[in-house]
Amino acid sequence: MELLEILGFAGALLIGLVLGLLGGGGSILTVPVLVYLLNINPVTATAYSLFVVGLSSLIGTVRNAQKKMIDFRTGIVFAIPAFLSVYATRKFIVPAIPDTIFTLGDFSLTKDVAIMVFFAVIMLLASVSMIRGRKGSGEKTSNDEKPQYNYPMILIEGVVVGFLTGIVGAGGGFLIIPALVLLAKLPMKKAVGTSLLIISVKSLIGFIGDVQNLEIDWKFLGIFTALAGVGILIGIYLNNFVEGQKLKKGFGWFVLVMGTFIIVKELM
């Protein structure tokens, strides 16, 4: 086993560890680990990421359901447009993107480069969200108060989040949580728990669109996901001793550097 491969599987542990400690954000590392350390094609890497993100979020969903921190009705209202969008994106839009999008002089923008640059932009947006922290009036909302739905905006947000998830293979919690607080008036803690339910559903359904288009290395994917699962359990245990929110800002700066590195690497 080569050094990069060892680092790649160690990266799976790290992804789970971050998810366990922070309750989110670790999935943003999945595609870079798969592409740069394990030499997997970006389109396949985003598909594998959907599977890893979906199962990881499912573990978090079960934990939050036990704590009664999920609003299932809101989750379903938001998830339906999101999973229809992510499935359509993986099944139809991603395969339809040409291998070479355009050529300008000596520079050719390929499908793989475009996906990685777009992913890096999403990383930069997520990093800003982590560095700034979660602010909002959501905490002032009572847990017993019924959510109010802005259906047109929820539909639009669900479609947009589903499309972004389909393209880059990341969960998009940094977009979903503010939407749940602002559009469904959920308290912040319930918004976090409900977002994991939405992420798990739309990611796994998006992956189904890939099963029909791509050859999946189930053995590799199983090992990688299992290592991420072990990392999550370690992270959940360490959460008893370390305040995850205090680590989030530092992780946000790390994601900012990674996103910048990807843009420079792919375009230069």
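Following our numbering, the numbering of the sequence shown begins with 4 at its first residue and continues without gaps. Ideal Cβ positions, reconstructed from N, Cα and C, are used throughout, including at glycine.
Looking only at its own chain, which residues have a Cβ that is under 8 Å from the Cβ of residue i, when we skip the five neighbours before and after it?
i, result
"residue 80", "152, 154, 157, 187"
"residue 252", "133, 134, 136"
"residue 105", "111, 112"
"residue 86", "165, 204, 205, 208, 209"
So what's residue i in DSSP terms, helix, strand or just coil?
i, result
"residue 143", "Interpretation of residue 143 is limited by its pLDDT of 49, a score under 50 that renders its predicted location unreliable; the figure taken from the coordinates is listed afterwards. Three-state result, residue 143: helix."
"residue 107", "strand"
"residue 17", "helix"
"residue 217", "coil"
"residue 112", "strand"
"residue 6", "helix"
"residue 189", "coil"
"residue 67", "helix"
"residue 269", "helix"
Using alpha carbons as the reference points, say which of the options lies closest to residue i.
i, options, result
"residue 82", "54, 106, 208", "208"
"residue 265", "200, 67, 56, 122", "122"
"residue 13", "234, 47, 268", "234"
"residue 232", "9, 110, 17", "17"
"residue 163", "89, 62, 271", "89"
"residue 45", "249, 116, 250", "116"
"residue 63", "7, 37, 196, 120", "196"
Check whether the Cβ of residue i lies closer than 8 Å to any Cβ atom in chain B.
i, result
"residue 162", "Absent from the structure: chain B. Only one protein chain is present."
Between which residues of its own chain and residue i is the CB-CB distance below 6 Å, once the five residues before and five after are set aside?
i, result
"residue 56", "30, 174, 206"
"residue 229", "none"
"residue 182", "160"
"residue 193", "72, 74"
"residue 52", "33, 34, 172"
Could you give the first and the last residue of the continuous beta strand (DSSP E) run that contains residue i?
i, result
"residue 40", "Per DSSP, residue 40 belongs to no beta strand (DSSP E) and is neither H nor E."
Within the continuous alpha helix (DSSP H) that includes residue i, where are the two ends?
i, result
"residue 79", "75–91"
"residue 156", "154–171"
"residue 136", "Unbroken run through residue 136: none, as it is neither H nor E."
"residue 180", "176–186"
Which same chain residues end up closer than 7 Å to residue i when comparing Cβ atoms and leaving out the 5 residues on each side of it in sequence?
i, result
"residue 60", "174, 199, 202, 203, 206"
"residue 267", "none"
"residue 217", "47, 50"
"residue 250", "24, 25"
"residue 261", "35, 126"
Is the Cβ-Cβ distance between residue i and residue j less than 8 Å?
i, j, result
"residue 223", "residue 54", "no"
"residue 94", "residue 102", "no"
"residue 36", "residue 119", "no"
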